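What follows is a short report on a single structure.
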Ligand SMILES: [Zn+2]
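Numbering (our numbering), first residue to last: 269 to 584.
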């Protein structure tokens, strides 16, 4: 998606009716409950509340009395696609062929919203009824209490994340900004993130880690590594979502913690990442580099192994 696109939210809202959106997403099970009203099972959350989802065709709006989702057509698309309202407008423009005038140069009369590339926008909804006891999580060694603490679980509802384990991602202020969907059956991609999501502006679990009030933070690569470290008794852990440290992530580490323990994967990328990060942070905070044997990752370790590893302190 090109960064220079402009979206006229009002134009999209005015030109797309709720019925078109329902058809687009094949939500065909709603029943008439009034001259301009539909009602039925909610397409956003799984199970529960058979008649909870209400649509007003007159107002072009929806409301679910079970998961509390509500809004206009853009809010509905954002909820179904797990994306921002802006991305929802772009998707509707594309999918419904609304390549109309609002993509042209901005004018003062229109409410035009430029793409904000400086931050991940907070999501306007949260998924309900995710299952923290799904076998996939057990298989990865994640206890249900840990999954609950992170809000992680299997999502059986509809939309882009259907049939995946969803991992809520928050910004540094604790605002939910995205869900990552991990496939449970080997389907590609293994990790599905919303289009336009900027990993470099997020340090996964930072809002919880910073709240621990500990001086030492454990830095890992992935979501599951982070959950396993937490589960082993070290709640002050963050994940880079990769083996590189962005400038923003670096600032947060230095501002919020005095000691940084690097526990990246035991592969080449992890080793190299550790060395680069340690060199960048050297002299600015206390650093421990914890090397794993080749091929090992923190999420494959038992809680006992993690505790042993994190007790060692190899300061450089
Ligand atoms: Zn709902």
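No residue lacks a Cβ here, since even glycine has one placed at the ideal position from N, Cα and C.
As the structure is a computational prediction, the values presented were derived from the model and not from experiment.
Query, Result
"Residue 420 to residue 286, Cα distance in whole Å?", "31 Å"
"Answer with buried or exposed for residue 352, where buried requires no fewer than 16 other C-beta atoms within 10 angstroms of its C-beta.", "buried"
"Thinking C-beta only, is residue 435 closer than 7 Å to residue 491?", "yes"
"Would you identify the three-state DSSP class for residue 285, choosing helix, strand or coil?", "coil"
"Would a C-beta distance cut-off of 7 Å place residue 326 and residue 337 closer than the cut-off?", "no"
"Using 8 Å for Cβ pairs, my map puts residue 415 next to residue 400. What's the rounded Cβ distance?", "4 Å"
"Can you tell me whether residue 505 is buried or exposed, with buried defined as 16 or more other CB within 10 angstroms of its CB?", "buried"
"Might you give, ordered along the chain, the residues of its own chain that have their beta carbon closer than 6 Å to the beta carbon of residue 402, omitting 5 neighbours on each side?", "422"
"Verify the contact flag: residue 313, CB atom, against every heavy atom of ligand 1, threshold strictly below 6 Å.", "yes"
"Starting from residue 436, follow the beta strand (DSSP E) in both directions and report where the run begins and ends.", "432-438"
"Could you check the C-alpha separation between residue 343 and residue 525 for me, to the nearest Å?", "37 Å"
"What does DSSP give as the partner residue(s) for residue 306 in the beta ladder?", "300 and 323"
"So residue 566 and residue 497 are supposed to be a Cβ contact under 8 Å. How far apart are they, rounded?", "6 Å"
"Assuming residue 559 contacts residue 489 under a Cβ cut-off of 8 Å, what Cβ separation, rounded to an integer in Å, is found between them?", "Not confirmed; about 14 Å, so no contact."
"Using CA coordinates, which residue listed in 550, 577 and 571 is at the minimum distance from residue 561?", "577"
"For residue 374, count neighbouring Cβ atoms within 10 angstroms of its own Cβ and tell me buried if that reaches 16, exposed if not.", "Any answer about residue 374 is weak, because its pLDDT of 39 lies below 50 and its placement is not dependable; what the coordinates show is given next. Exposed, by the Cβ-count rule."
"For residue 515, which of 486, 467, 364 and 485 has the nearest alpha-carbon?", "467"
"What does a CB cutoff of less than 6 Å around residue 397 pick up in its chain, not counting 5 residues either side in sequence?", "313, 314 and 315"
"For a test of the three-state rule: what should DSSP assign to residue 554, helix, strand or coil?", "strand"
"Along the chain, where does the beta strand (DSSP E) containing residue 451 start, and where does it finish?", "444-451"
"Along the beta strand (DSSP E) that carries residue 398, what are the first and last residues, could you check?", "It is not in any beta strand (DSSP E) - residue 398 carries neither H nor E in the DSSP assignment."
"Look up residue 466 in the DSSP assignment and say whether it is helix, strand or coil.", "coil"
"Any idea which residues DSSP pairs residue 423 with across the strands?", "432"
"Any idea what DSSP makes of residue 532, helix, strand or coil?", "coil"
"Can residue 334 be considered in contact with ligand 1, in the sense that its beta carbon sits closer than 6 Å to one or more heavy atoms?", "yes"
"Looking at the structure shown, is residue 269 part of a helix, part of a strand, or coil, going by DSSP?", "With a pLDDT of only 41 at residue 269, under the threshold of 50, the placement of this residue in the model should not be trusted, and no figure is reported."
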